[in-house]
Every structure is written in C-alpha cells, then in structure tokens.
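Student: Below is a structure I'd like to ask you about.
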Amino acid sequence: MRDKGLVGGATFCAVTGLAILCILAHGIKPEEMEIASVREPGAYVACEGIVGSLRHSGDHLFVELFDGAAVIVPFFNFTGDISVGDFLSVEGMVSEYKGQLEIIPEHYRVTPMYYGQCSDSLFDTLHGEFHADLSPGFHAVIGSAEGDHLTVEKELPETLFVPFHGTISWCTTHDTECEFTLYGSPLHFFTEHFLGLGEISGFGICIEQQVTVLYYQWKELPLESIAEVKQKPEGYPVRVQGIIESVRNSNRHLFVVLTDSTGCILIPIFKDQQEILGIDAETICKGQEITVTGILHIYQGTPEILPEVVT
Amino acid sequence: MNEVFTLLGACAAGCSLGVVTGLTPGIHVNTVLPLMGFFSGSGKVGAAVIFSLAVTHTFLDFIPSTLFGVPDGDTALSVLPAHQLLLEGRGYEAVKLTVIGSLGALMVSGVLVLPMVYCIPFLYNTVHPYIGYILLLIVGFIILSERSLKSIGWACVIFLISGVYGYIVLSNPLVAEDFILFPVFSGLFGLSTLLISLRGHSELPLQPLDSRIHLRPYQVVTNILKGAAAGIMVSLFPGVCPAHATAVMSVKSSPRQFLVAVSGVNTANAVYALVGLYTIGKARSGAVLAIQDLIQLDFSTVVSLLACGLVAAGVASVTALCIAQTLLKMLPTISYKYLMAFTCSILVFIISIITGFTGLLVMAVGCCIGILPLLVGVRRSHCMGTLLFPVLLHYL
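As given, the protein sequences belong to chains A and B, one line each in that order.
Mapped onto our numbering, the consecutive letters of the first sequence carry residue numbers 788 to 1098.
Mapped onto our numbering, the consecutive letters of the second sequence carry residue numbers -2 to 393.
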C-alpha cells in the first residue's frame, strides 16, 4: 500500500464527512403544508389527509391523499395496510411523474377514522354504533373505541366532505368496489359495499366529480302504484308491486305486463338479463305477484320499467 | 416522403441538443427533458427528437470525463481508465474506443430488437422476483475478484463506506433529487481522479490523433456484446442503473476493453429502454418516460425511432471524434496542472451554483471515499456501493 498517511487521512475525512452528512440529514425537517400548496418537485414536505382511493399495480400501491386537494403517494413494494378513508400522515420528497406531482414517502403513519352520523349521542358508523360526545349530524373523527364507547381525539372539519342525499339511478360493481350515480346528479360515487337501486344519504370526499363514500344510510325505494310510476320522468328509479297480467316470449325475450289497481305497465326482460335477475322463462306466468325495482324508460311514447331486481 | 424529412429534421434537432447535453458537465438528458414540453402534442416528431437526443448524449458524454475527468452518473467509472489513457498521450484513442463501443452496441441492439421484443417480457417476469439476490451475487463477485485477502478487506470497507454514503445522500433531501448524482459522482470519480492525477503529472503529453486502437478485433466485438448485454439488464430491471452494469463490466477488463464495454451499456440501454416500454410497458429512463407521454408506441413507431437513433448515432460518432480532435490539439498547449486546477474550480463552481453548500459537502465526502481505492490499489467499482447498497436494502 502506498501513502499510508494519506489513506488514513482520506478514511478519517470520509467517515467524519459521513457523520456530518448524517447529522445534516437528521436535522432536515419537512415543511408542513396543505396539498394545494405542494408545487415544487424536490421539496421535502409533510402532508396529511384522508385516503381517497387506492390503486394497486403489482407490488406497488398508489394512494390518493385528500385534504381538500389531492396528491398521489406511491408506496413501492408495499406490504402494510392502508384502507380507503384512513387518515394518512406522510413525509417525503415531492416528485413529478408524467406531469403529475407525487409525494415519495419517507415516513408515514396510518390512523383509522370513524365516519358516521350522530343523533342523541349515538354515533352510527358503517362498523357499528358507539356512544360518543358529538353534536347531531355527520362527523369524521379519530378516536379510540372501548366496547361501544368512542373517545374522540380529533375531528376533521366538515368542509372537507360533501354530504349527499338522493336516489340511486345506476350502479355497477368493479373488482372491489361499487360505483353508482344519483338521479339528477353528475357525480359518480364509489363505495366498498355493493348497493342496489334505493334511497341513500351520507357523506364522502369529492375529487374531480368522483365521490368516495365514507358513510351512508341506504334504504329500499318506497313502493308506488303503477299510475304514480308512470308520472315519473324517464330514467327515474321506481319500485312497484303487482300481478302479472300476461307474459309474451319473443326470441327468448320476455315481455311481462304488470298490473295493479291503478293501471298496468310493461316490464321487458331481455334474455341476457334473465339469469342475472334469477328469472326462469318457463316458470314465470300469468297471475303471479311480483315486486319490480328498476328504471322507468319511455319506449315509443309508452312508459316501461327496465328491471334491476325482481322478487 | 414528407414524414421522412420531418423525422430527419427532428433527428437533427435531437442531435444538436444531445451534443450540448453530452459536452456540458452536470447536464443529463433528464435535465433538459422538461424543455420538451415544447413538443407536447407533436407525437412521433417529439419522440424522435427525444430519442435522438438520448442516443447522441451517450456518444458525447465521454468527452468531458475523458479529457477533463468530469463524469456524470453514466460515465463515472470510465473516468480513471480514460484519464489514464489521456495521461499516456492516448486521449484520442480513449474517445474513439467509447465511440466504437457506443456505435457497436447500437448496431447489436438494433439487430437484437426483434428477438428482444419476444424475450424481454419472458426475461423480466423470470428474473424480476430475484433481482435483489442477483445484485447481491454481483456485489460478492466484484469484491471477491480482488487479488488478495487484504484487497478483499479493503474492497469490503470501501463498498460499505460508499453504501452508507449513498444511503445517506440518496434517501435524504440534502440536495434536489434531480441533481444529487452530479456532486456524488463528481466527488467519487471526478475530483478524486483529478487530485490524484495532479500529484504525478505536471504536463499533459502530446496527443497524437492517430487512428490506431490497441485492441484486437475479437476483443472489440466481445466488449461490444458485453456492453449490449449489460444494456439489456439495465433496461429491464428497476433499480439497476448503467452504473451497476458498469461495475460488473469493470471486472477483469483492461482499461481499453472496459471503455468499449461501458460506452456500449449506455447506448444499448437507450435502445432497450424503448423496446422495454413497447413490450412490458415500463419506462426505465427519463427519455422513454417523456416519449411515453407523447405517443402510444406501436411496432412501426419503434422502428421509426430506431431509424432516427441510427442516424443520430452516425452524426454523433463523427461529431464526437471531431470535437475530441479539436480539444486534444488544444490541450497539450495548456499546463496540465493549470488545466486540472481550472477543471476542479469549474466543477466546484458549477456544483456550488446548482446544489449549494450541501452539494459541495456531498462532493467533498465523495472525493475522500473515491480517493481510497486509488490509494490502496483496489478496483474503483466498489464505490458503486453508493448506488448498489440502497438498492440492496430496498430489495432484500
């Protein structure tokens, strides 16, 4: 070996320099900011908010973090547990990917949230009812539950959330979630639970016309007479009960005429829908009483119901 | 026909930009990609500009590292062998070897594109789960290939110090993410080389511009193939950068062989990154990411872009050699000590401007680490622990 002194000096300087860099790195505190203020790639920031949506890609998890504005937080080779609606605190470097800002997490903390509606100190959530010291109305809180008692530690401002109330006029299921729309609303709603046509109220967070439902109460549509149903506008979800007056089978499509004391209405049940609805063309017959939930459709000036559920 | 002329124009624009980025220390292809917003909506033309830029850059970026000892992330390990040749009066040969390596790797890559379209998805899915272990094997192989136990011990120490250094500077926001590799590699491979070179040389020897290279044809071909193979590896696996593949290349190679192989890695990577995007939908380089934003790749687009890359490679080869000749005629007229001192000052100045005091500190620490292998006589690629160690931590 040549230059023993120089080797020792270089090693000493390298190790000392590493120690100084380590101290410098340890001393760097992220700038706490709202997501709307996150603009500069390379900045070291701390943000917190609600997990609005999750997208899995291989081993990676892409979280949409929302605090009134939204940003993507990618977790590479993620093995932890994060759910939609969780409260996520994240520290990391702002980075730009395909023109979109992301926070690459260095440290993060996930806190479960309780979303629900309180009345008479009873806090109704999707996971059960708790006694809690909350005012009547919708709430999003961090807290600790012991039995049926919830101690509230922090409450998120209601301005973060959009309340909704209406009638589900369309719904479909994806892999792990249900998407639905409300009659007369341009928004699309997403929830982990499967919902059918019905009346719904609740609240969620809205990101670009898409609402992640955090809490809801759902109930079946009220039964209406056929005369009332015929007065509804096209596309409106309805539920009627009546007696089958006639069944016509045309190329395996069924055309059922339903009648009650106020009138009659046609229920077309197309062949590809019969299995989904659990209807057997051989057994459905005149005189049966059925309840139909579906969407009012006007075909050549005549109202009919496109069925979603037949019981 | 019009489209051909449009693409040639795009190619010319890309070449011009590539010459600038290749010759300017600290400017990487990714640094100028935000300017490509100008081409948004331009589809294939914008993609041709970017791909030509990326290819040209890989031909030109060896010039500053060879002549002035100023590396970037892709050329870091080439500094010492290239600078060694410069100090022997073989600077032109060093540049020529890198041009041969790049051009050869591009041709090999072009020929292999079609089989690779089918092989890359298979290779990716097969090897991807084991990438951490493969990297660990590579590290072990590089360390154990040292000559003596003492050298192996030093190699371990240098790998670990570099690894801790890499972990600290890459996982903390000490310097803006886009620029962090500049002070890191300038310290590890640039400044350290310049300082050590200064100790023994006061004058740069005459640099004859003869066209001979001291490698047998089979050695040239073998190292071109090595470079192309390493380029495939880089383009396939996340976390594996040209520097990792370069570290593997450096084992049991003479400086001349090494220069051919290492230059091939970057150029082949530029090609296979494009093929990788087409076949497995993964963008493994900033340039390909920008292309992905501009255009939906189909096979005919990939072929068009590769054709642009070939044209750019031809132009870049001639340009690199001409620029090297011009600079090499000037260099011996300048005192080597002054030249190196000037280069060091420029390096320090640029890094202080771009990355501030912290960047200078990062470079200084990197320089202390980078000097160690030169002093104890082990391979310099152990300093690549800077990148390999954090990647290993991530995968294992």
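Note that the Cβ used here is the ideal one computed from N, Cα and C, for glycine as well.
If you're wondering where the values come from, they're calculated on a predicted model, not measured in any experiment.
What three-state label does DSSP hand A:Thr1049 in the structure shown?
Tutor: coil
Student: Closest by CA to B:Gly107, which one among B:Asn266, B:Gln204, B:Ile210?
Tutor: B:Asn266
Student: Put A:Asp907 into one of helix, strand or coil per three-state DSSP.
Tutor: coil
Student: So does A:Glu966 have its beta carbon nearer than 7 Å to some heavy atom of the ligand COA?
Tutor: You won't find the ligand COA in this model; it holds no ligand whatsoever.
Student: What residues from chain B crowd round A:Ile807, counting only those whose CB sits closer than 9 Å?
Tutor: Leu358, Val362
Student: Run down chain D in chain order and give the residues with a C-beta less than 8 Å from the C-beta of B:Ile368.
Tutor: Going by chain labels, chain D is absent from the structure shown, which instead holds the protein chains A and B.
Student: Applying the criterion that 16 or more other CB atoms from any shown protein chain within 10 Å of the CB defines a buried residue, is B:Met381 buried or exposed?
Tutor: buried
Student: Assuming B:Leu222 contacts B:Gln254 (C-beta within less than 8 Å), just tell me the rounded distance between them.
Tutor: Not a contact, Cβ separation roughly 12 Å.
Student: In its own chain, which residues sit with a C-beta less than 8 Å from the C-beta of B:Leu4, not counting the 5 before and 5 after it?
Tutor: Lys41, Val42, Ala45, Ser301, Ala304, Cys305
Student: Give me the Cα-Cα distance between B:Ala227 and B:Ile97, rounded to the nearest whole angstrom.
Tutor: 16 Å
Student: Tell me, please, whether the segment 327 to 343 of chain B touches the segment 116 to 129 of chain B by the rule of three or more beta-carbon pairs shorter than 8 Å.
Tutor: no
Student: Look at the Cβ atom of B:Ala309, then the Cβ atom of B:Val285, and state whether they are nearer than 8 Å.
Tutor: no
Student: I need the boundaries of the beta strand (DSSP E) containing B:Phe56, first residue and last residue.
Tutor: Note, B:Phe56: premise wrong, no beta strand (DSSP E); alpha helix (DSSP H) at 41 to 57.
Student: Judging by CA-CA distance, which residue of A:Val838, A:Gln1028, A:Val1043 is the nearest neighbour of A:Ile1013?
Tutor: Among A:Val838, A:Gln1028, A:Val1043, the Cα nearest to that of A:Ile1013 belongs to A:Gln1028.
Student: Please check the pair A:Glu940 and A:Gly953, which I expect to be a contact at CB under 8 Å, by giving their CB distance rounded to whole angstroms.
Tutor: The pair is not a contact, with the Cβ atoms about 33 Å apart (cut-off 8 Å).
Student: Span of the beta strand (DSSP E) holding B:Met327?
Tutor: Unbroken run through B:Met327 is the alpha helix (DSSP H), 296 to 327; no beta strand (DSSP E).
Student: I'd like to know if the segment 9 to 23 of chain B and the segment 1022 to 1037 of chain A are in contact, where contact means that at least 3 CB-CB pairs between them fall below 8 Å.
Tutor: As far as the Cβ criterion goes, the segment 9 to 23 of chain B does not touch the segment 1022 to 1037 of chain A, which means the pair count is below three.
Student: Using a Cβ cut-off of 8 Å (strictly closer), state whether A:Gly1074 contacts chain B.
Tutor: no
Student: Name the chain A residues whose beta carbon is nearer than 9 Å to that of B:Ile158?
Tutor: Thr798, Ala801, Val802, Leu805
Student: Mapping DSSP to helix, strand and coil, what is A:Ser972?
Tutor: coil
Student: Please report the straight-line C-alpha distance between A:Leu852 and B:Arg376, rounded to a whole angstrom.
Tutor: 46 Å
Student: Between A:Ala927 and B:Ala10, what straight-line distance do the alpha-carbon atoms span, to the nearest angstrom?
Tutor: Their backbone Cα atoms lie some 55 Å apart in a straight line.
Student: Roughly how many angstroms separate the alpha carbons of A:Glu964 and A:Glu1091, rounded to a whole number?
Tutor: 30 Å
Student: In whole angstroms, what separates the C-alpha of A:Leu848 from that of B:His80?
Tutor: So the two alpha carbons sit approximately 45 Å from each other.
Student: Quick one: what's A:Lys816 bridged to in DSSP?
Tutor: Its beta-bridge partners do not exist; DSSP assigns none.
Student: Considering only their Cβ atoms, is the gap separating B:Ile177 from B:Leu167 smaller than 8 Å?
Tutor: yes
Student: Could you work out which residue in A:Pro950, A:Ile992, A:Leu888 is closest to A:Ser840 when comparing CA atoms only?
Tutor: Closest option to A:Ser840, Cα to Cα, is A:Ile992.
Student: Taking 8 Å as the threshold (beta carbon to beta carbon), is B:Val373 in contact with chain A?
Tutor: yes
Student: I'd like to confirm the pairing. Which residues does DSSP put opposite A:Arg1035 in its beta bridges?
Tutor: A:Phe1042
Student: Give me the Cα-Cα distance between A:Tyr970 and A:Val825, rounded to the nearest whole angstrom.
Tutor: 36 Å
Student: If you drop the 5 nearest sequence neighbours on each side, which residues of the same chain put their C-beta closer than 6 Å to that of B:Cys12?
Tutor: Ser49, Thr53, Ala309, Val312
Student: Hey, how far is the Cα of A:Ile890 from the Cα of A:Ser882?
Tutor: 6 Å
Student: What are the start and end residues of each continuous alpha helix (DSSP H) run of 4 or more residues lying completely inside the segment 243 to 294 of chain B, in chain order?
Tutor: 252 to 277, 283 to 291
Student: For B:Gly47 versus B:Ile343, is the C-beta spacing smaller than 8 Å?
Tutor: Inspection of the sequence shows that residue 47 of chain B is occupied by Ile rather than by Gly. The answer is no: Cβ separation not under 8 Å.
Student: Can you give me the C-alpha to C-alpha distance between B:Leu369 and B:Leu358, rounded to a whole angstrom?
Tutor: 17 Å
Student: Report the CB separation of B:Leu371 from B:Ile193 in whole angstroms; it is logged as a contact under 8 Å.
Tutor: 5 Å
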